[in-house]
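Below is one structure, written out as structure tokens; the observations come after it.
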Amino acid sequence: MKIDFQETTDDLAKRIDIHSRFGSRDIDEWMLEILKLQPGIKILDVGCGSGKQCFSYYHHSNGQVEITGTDVSESLLAEARNKNQAINNAVDFRFLDFNQAFDLPENNYDLISACFAIYYAQDIPFTLKEMHRLLVPGGRLFTTGPMPTNKKVFYDIIKEATGKEIPPMPGSSRYASQIYGTMQELFAKTEQHIFENPLTFDTVEPFMVYTRASMSEDRKLWNSLFQTHEEFEAVMTAIEKVAHKFIERDSRIVMTKVVGGFIATK
Ligand SMILES: C[S@@+](CC[C@H](N)C(=O)[O-])C[C@H]1O[C@@H](n2cnc3c(N)ncnc32)[C@H](O)[C@@H]1O
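Reading the sequence shown from the start, the letters are residues 23 to 288 in my numbering.
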């Protein structure tokens, strides 16, 4: 399955910023709580983007873990390397396309993580097998992704504004259909955790910043709703109108992120 998808540094940074300013919980704290990192372990982060999880691992463990962060996007890696200077380049950031065989040592990592990334893989079983191959026996794979009930109000507003169906989102649709099942087949043990984080918007402006960064033309996930820049802007105007209506009616928009965390042990 080819997922025509591209993440830009700017869009990802905007969404991360909105989560931290308008959310009531911190997803990194949740992740660290369920992962319980032991000092001295080797971690590989796949689809690391600008390094959000890598830096959390580093700070939480006071630098007592060995971290490799990998991504296919050179611009996101450049951003990650830039931030890495503040911690003396403690994280090893490298290019890795998870649709290709992983050119990294096998039976080597105690923890492999792929946060909000695995569902963009062309061939999920292939990518998960590569991760399994690189883990030490007893090593853990941690993946996160949106669940089907994720940010329902966001999709309700888009549906009302456009009168169209929401295109299948690779995250929520592929976890249920393929990712979790394949993890269960390949690994000795799997467990599921759920994280819920309500984002509260009292005004339309930050909601629209999030919407633009989420539906961004660059990401190509929403082509069934718009093709040209003019169509994109028309959709944004329609969404803004509906968002105003929701805020006038309810005095705020509460968009709850519902994220699954899946831990599989080799
Ligand atoms: C939504 S971002 C998440 C980034 C980061 N883990 C975070 O939570 O901030 C998805 C990431 O997957 C990466 N990605 C997409 N396709 C990839 C591929 N074929 N190989 C490696 N990374 C890929 C993107 O470049 C992007 O950094």
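All C-beta atoms in this analysis are idealised placements derived from N, C-alpha and C, irrespective of residue type, glycine included. Nothing here was measured: the structure is a model prediction, and the numbers come from that model.
In whole angstroms, what separates the C-alpha of residue i from that of residue j?
| i | j | result |
| --- | --- | --- |
| G73 | I65 | 13 Å |
| F120 | A256 | 35 Å |
| C76 | P168 | 20 Å |
| K279 | D178 | 14 Å |
| F148 | Q249 | 32 Å |
| T90 | G62 | 13 Å |
| N110 | S95 | 22 Å |
| S83 | L59 | 7 Å |
| R271 | A183 | 16 Å |
| S236 | D132 | 33 Å |
Which of helix, strand or coil does DSSP assign to residue i?
| i | result |
| --- | --- |
| E187 | coil |
| V113 | coil |
| M237 | helix |
| L133 | strand |
| M331 | What is shown of the chain runs 23 to 288, which leaves residue 331 out entirely. |
| R274 | coil |
| K36 | helix |
| V87 | coil |
| V94 | coil |
| I63 | coil |
| P228 | helix |
| G193 | helix |
| Q294 | Outside the shown range of the chain (23 to 288) lies residue 294, about which nothing can therefore be said. |
| E6 | The shown model of the chain, from 23 to 288, leaves out residue 6, and the question about it has no answer. |
| K279 | strand |
Apart from the five residues just before and just after residue i, which ones in its own chain have a Cβ nearer than 7 Å to its Cβ?
| i | result |
| --- | --- |
| R274 | T222, F223 and D224 |
| V226 | E262, A265, H266 and I269 |
Excluding five sequence neighbours on each side, which residues of the same chain lie with their C-beta closer than 8 Å to the C-beta of residue i?
| i | result |
| --- | --- |
| S199 | none |
| M205 | L150, L163, T165, T212, F284 and A286 |
| S97 | T30 and T31 |
| S238 | T30 and D33 |
| K288 | H154, L157, V158, P159, G160, G161, R162, L163, F209 and A210 |
| M230 | M258, I261, E262 and A265 |
Any idea if residue i is buried or exposed, counting beta-carbon neighbours within 10 angstroms, 16 or more meaning buried?
| i | result |
| --- | --- |
| G185 | exposed |
| R43 | exposed |
| V293 | In the structure as shown, the chain begins at 23 and stops at 288. Residue 293 is therefore absent and cannot be evaluated. |
| T259 | exposed |
| T233 | buried |
| K181 | exposed |
| A152 | Checking the displayed sequence, the identity of residue 152 turns out to be Glu instead of Ala. That one is buried. |
Thinking just about the alpha-carbon of each residue, which of the options is nearest to the one in residue i?
| i | options | result |
| --- | --- | --- |
| G282 | Q60, Q214 and T92 | Q214 |
| F138 | E182, L208, M53 and A112 | M53 |
| E207 | S46, S135 and H154 | H154 |
| P130 | G160, Q60, I180 and R47 | Note on residue identity: the sequence assigns Asn, not Pro, to residue 130. Answer by Cα proximity: G160. |
| P190 | N245, F254, D145 and V94 | N245 |
| T92 | A108, S135 and I201 | S135 |
| P192 | I146, E252 and R234 | I146 |
| G69 | A210, F217, F124 and L59 | F124 |
| A15 | L247, F115 and E128 | Because the chain in this structure spans residues 23 to 288, residue 15 falls outside the shown range and cannot be described. |
In chain order, what residues of the same chain have a beta carbon less than 6 Å from the beta carbon of residue i, not counting five sequence neighbours either side?
| i | result |
| --- | --- |
| S46 | P220 |
| S78 | D50 |
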